[in-house]
Amino acid sequence: MLVTRERARVDDVALGLGRFEDGVVDHARELGYGRQLHRPDQYARKVPGSIRVARLFGIDINIHISWILIFFLVVISLSETIYPDQFPQWSRQKSLVVSAVTALLFFASVLAHELAHSLVARRFRMSVSSITLFLLGGVANLTREPPSARAEFFMAAAGPFTSVLIGVAGILVALSSDALLPTVPSLQVVGAVASYLGEINLVVAAFNLIPGFPLDGGRVLRSAIWGIGGDRTRATRIAARGGQLVAGFFLLLAANFFFGFDLQVFGVELGPNQVQGLWYGLIAYFLFNAATQSLQQERLTNIVGTVRVGQLMTTDVRSTTSGTMIAGLIRDLVLPMNLRAIPVLAGDRLIGLVTIGDLRKVEQDRWSITPVDES
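Going by the numbering used here, the sequence shown wraps up at 1124, each residue one higher than the last.
Laid out in structure tokens, this is it:
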């Protein structure tokens, strides 16, 4: 899956307008501004919660804390259900070890899927900041949107294509292992792992090719509409609406699993299963939010694209003078006018710029005796 950082950048700008450091907030309340201000944690986005574990081809590989949960769920599913059903003669310890290895190889294949996206993106001179493995799989973080429909098509298709290759390779290895099993019994483990990896990667490819943004299939759909009509905004709108419809379908499946509506999909009856219901509900939530954000990002990009810098710049610049105490600066300029950076003058000469970040470094009880020059 692919995401861009443009939306995050816009959010950072918007959120920055409302952020005040704790000390500023406390001082503001003392001056009577209490109801107008909020603490930073009410505005700030949640910390991603991921750590860097490797760097491949110049791309940071991150693992989100939620990945640990899905890793253990996969291991438990394999060791408690799938492998014991297929190989009842295996010991519990053997099932657990093979399951852990299988889970690691599965997520390695997910990483390969995302690396395929990233390397093709680079071929089209697009920068990839990182790849993150998380609860629902993996995501490659692009610094900008694809420059053309052709670039988006090849970049989006690269991931599922890689998953198909891994899937086919896994099935071929499994078939070969089964054929040699009578003479080489130790190949049973190899065949079991390869069979699972082959099947699950084909499922991953099929799921990602669903034509709903931001899934790879949604990006392929957008590239086709964009290439034919030449209108990226319209293509994004159609693909994102498709993503919302797909999310609605998964929500319907989640409701069926939770409440047991006896829904049939392609002739298969889906009975009650709360765990699967929770899983499909998470997928629906993620897809709907991602599709909606894609729509908002495209609209915002179109709006920003028509605005000149001169329309946004501040012409009535407020400044302070050298020797002004921080307390006075906050009282007279920062709070009433919500200024984030104030030029400091010595006579008619500009000697510096004081920002909220600079004020943060000074203890509140020293504001009344510390001039802005020393902040």
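All residues carry an ideal CB built from backbone N, CA and C; glycine is no exception. These figures come from a predicted structure and were not determined experimentally.
- For residue 1122, the secondary structure class from DSSP, reduced to helix, strand or coil, is helix.
- In this structure, DSSP gives residue 821 a helical state, which the three-state scheme calls helix.
- Contact check between the segment 825 to 843 and the segment 860 to 876: fewer than three CB pairs, one atom from each, fall below 8 angstroms, which does not count as touching.
- Note on geometry: alpha-carbon atoms of residue 1063 and residue 1042 lie some 29 angstroms from one another.
- In its chain, beyond the 5 residues on either side, 1003 have a beta carbon closer than 6 angstroms to the beta carbon of residue 1030.
- The residues 947, 950 and 951, in chain order, have a CB closer than 6 angstroms to that of residue 916 in the same chain once the five nearest residues on each side in sequence are set aside.
- Ranked by Cα distance from residue 873, the first of 927, 1108 and 895 is 895.
- Non-local C-beta neighbours of residue 1102 in its own chain, meaning closer than 6 angstroms and more than five positions away in sequence, comprise 1090 and 1092, ordered along the chain.
- Judged by DSSP secondary structure, residue 811 falls within the beta strand (DSSP E) whose first and last residues are 808 to 813.
- At the C-beta level, residue 991 and residue 1035 stay beyond 8 angstroms of one another.
- Per DSSP, the unbroken beta strand (DSSP E) holding residue 1092 starts and ends at 1090 to 1095.
- Distance from residue 852 to residue 820 at the Cβ level is roughly 6 angstroms; contact confirmed, criterion being Cβ atoms closer than 8 angstroms.
- In this chain, residue 840 is not harboured by any beta strand (DSSP E), its DSSP state being neither H nor E.
- Residue 1086 sits in a helix when the DSSP states are folded into three classes.
- Using a Cβ distance threshold of 8 angstroms, residue 805 and residue 1032 do not count as a contacting pair.
- The residue from 1037, 843 and 1068 with its alpha-carbon nearest to that of residue 935 is 843.
- Exclusion of the five residues before and after residue 959 leaves 966 and 995 as the residues of its chain whose Cβ lies within less than 7 angstroms of its Cβ.
- For residue 1095, same chain residues with a beta-carbon under 6 angstroms away, outside a window of 5 residues either side, are 1071 in chain order.
- One alpha carbon belongs to residue 1119, the other to residue 798, and they sit about 37 angstroms apart.
- In the DSSP annotation of this structure, the continuous segment of the alpha helix (DSSP H) that includes residue 977 starts and ends at 965 to 978.
- If the five residues before and after residue 943 are omitted, its C-beta is found closer than 7 angstroms to the C-beta atoms of 919, 922, 923 and 926, all from its own chain and listed in chain order.
- Per DSSP, residue 952 lies in no beta strand (DSSP E) segment; the continuous alpha helix (DSSP H) that holds it begins and ends at 936 to 957.
- Checking the DSSP bridge columns, you'll see residue 1074 partnered with 1120.
- For residue 886, no alpha helix (DSSP H) run applies; the uninterrupted beta strand (DSSP E) run containing it begins and ends at 886 to 891, by DSSP.
- Remark: C-beta atoms of residue 802 and residue 905 do not approach each other more closely than 8 angstroms.
- Closest in alpha carbon position to residue 900, among 973, 928 and 1061, is 973.
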